[in-house]
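These notes concern the structure reproduced below.
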Amino acid sequence: MKGLADKNNDGKISFSELQRYITDQVATYSEEKQIPVVTGDLSKTFVTVDETVLAALKKQKEKDYPLLAQANIKGSEQKYIDSLNPEGQKLYAEFEENLQTQRLIWPKDTNAMHDYRLFTQAFPDNPLITTMRRNLAASLNDKFNTIVAPLLKGQTSYSNRDECYYAAAELDSCLSLLGNKHYMYPNIKARKLYMNAMSLIWGLSENEYNVSWNPTIYKAINYLTESEQLEPNAAYTVSALGISYSYLYEYEKADSAFQKYLALRPNDISAKYSLGIIYNNLKQYDKAAAIFEKLVTDYPGNANFLEYLANVYGYLGKNDKALSIIGKMIARDSTRANGYFDKGVFYSRLSQFDSA
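Using our numbering, the letters of the sequence shown map in sequence onto residues 192 to 547.
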């Protein structure tokens, strides 16, 4: 009714277009074979499209982040279980136990995936297979979802490279389970590629980084680039690209990535901070100053924002403003060396070595 079924873009949805749209959607998203029916004169108009509503809906859909959900068939599950022989019932029970305890693809020959394969071979026509596949696929995404859930909320995710490696392996098994015709295949592949990258560089800091990391970072960038192509609205992927390019001093590419990220997450502080640093490194000091001025206004107690703003003012020749900020930093906490150090650097830059 909001306009997605308007195939010929004439501003109206006929019953014929509605039928085609519903049929396509059911075929894409339904695990079971269903045949929807629209009755009446298919040539007649069903609804007139509101262009404003349609545009807003399309924009929202671009930001949608689809997830696999588990199926619930508690009402009919038992009759299907009862139809199995004792060996089948035991195998199904083992599958359920391994699913609940997250033994999904490990250990070898004692996991939910192994149970599922045996079950489908022994009982290829049992209706439980559809639910087993869907629930296993959803569980294979759990580790990934746990890692990225805080990132989707703009929070810190406390994970590690090993966890990212295992998450990538489970997502790879999910891809094999569902097949490339599944509607979620591109999304899951994108997330698997992101985890591949993060298994290489998750948590990489300036203290750990040195030039020997560059080949690894380039490899991660290749994973992230392919991931972004498949799921361009995944803000965490775009952010990781920006950070990775920064390590390689490819600041223009980092700038482009962070601009995309801020379009997806306009209120993210760390992205704005990173973008300000990038503009500083690109010697685009006016742009850097605008970002740090806004950050200092919004977060006046943050010493890092003040320090960078003073530094940028120095490069812009706004010496009085730079010294004023440095003075505030020293007055706020005279026990910290940052303000005194910045003051010394500032006077050295002006060749006033006695003052430095």
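Backbone N, C-alpha and C define an ideal beta-carbon position, used for all residues, glycine too.
Note that the structure is predicted; figures quoted are calculated from it, not measured.
query: Asp201 versus Thr243 - alpha carbon distance; result: 15 Å
query: Opening and closing residue of the alpha helix (DSSP H) in which Asp477 lies; result: 476-489
query: CB-CB length for Ala359 against Met386, believed under 8 Å; result: 4 Å
query: Assigned exposure category for Thr301 - 16 Cβ within 10 Å defines buried; result: exposed
query: Proximity winner among Tyr400, Leu391, Ala426, relative to Asn413 (alpha-carbon distances); result: Leu391
query: With 16 other Cβ atoms within 10 Å as the buried cut-off, status of Trp393; result: buried
query: Chain-order list of residues whose beta-carbon lies under 8 Å from that of Tyr376 (same chain, five-residue window excluded); result: Leu366, Leu369, Gly370
query: Segments of 3+ residues assigned as beta strand (DSSP E) that fall wholly inside the stretch 393-441; result: none
query: Helix, strand or coil at Ser348 according to DSSP, with G and I counted as helix; result: coil
query: First through last residue of the alpha helix (DSSP H) which encompasses Arg324; result: 319-330
query: Selection from Gly345, Arg352, Phe335, Asp459 that minimises the alpha carbon distance to Leu362; result: Phe335
query: Cutoff 6 Å; reference Ala549; Cβ partners in own chain excluding five residues on either side; result: Limits of the chain in this structure are 192 at one end and 547 at the other, which puts residue 549 out of reach.
query: DSSP bridge partner residues for Lys203 (one or two, in chain order); result: Thr239
query: Enclosing alpha helix (DSSP H) for Leu500 [first to last residue]; result: 494-506
query: Rounded separation between Leu282 and Ala260 - CA only; result: 23 Å
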